[in-house]
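In the numbering used here, the protein residues as written are 2 to 90.
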């Protein structure tokens, strides 16, 4: 979250009306394969998520077990969509 706030929040393309752009390095550090979002998901969440369907779903009881709001998963799926669109694995 701190990386996002420091380097991407309030900057284009994260904020479409912003006059400030995110740098390509910052965008890549956050969204690329092995970037902040990808690493966090793989390290902490992937075992608890079913990614086989178009819309990702928590394994039964996983969100409660981890103490994470169910909607957080959508953020990680969006990050994966960005990763897949802009970066090769």
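Even glycine gets a Cβ: it sits at the ideal position worked out from N, Cα and C.
As the structure is a computational prediction, the values presented were derived from the model and not from experiment.
Query: Nearest to residue 22 (by Cα), restricted to the options 10, 73, 61, 30; Result: 10
Query: Beta-bridge partners of residue 58, as assigned by DSSP; Result: 51
Query: Cut-off 7 Å between Cβ atoms - residues of its own chain near residue 87, not counting five sequence neighbours on either side; Result: 32
Query: Beta-carbon proximity check, residue 49 vs residue 59, cutoff 8 Å; Result: yes
Query: Burial state of residue 39 (16 or more Cβ within 10 Å); Result: buried
Query: Counted within 10 angstroms of its Cβ, other Cβ atoms place residue 1 as buried (16 or more) or exposed; Result: Only positions 2 to 90 of the chain appear in this structure, which leaves residue 1 out of reach.
Query: Reference residue 78, options 66, 69, 55, 89, closest by Cα; Result: 55
Query: Per DSSP, the bridge partner or partners of residue 22; Result: 13
Query: Member of 18, 19, 27 whose CA lies at the smallest distance from the CA of residue 3; Result: 27
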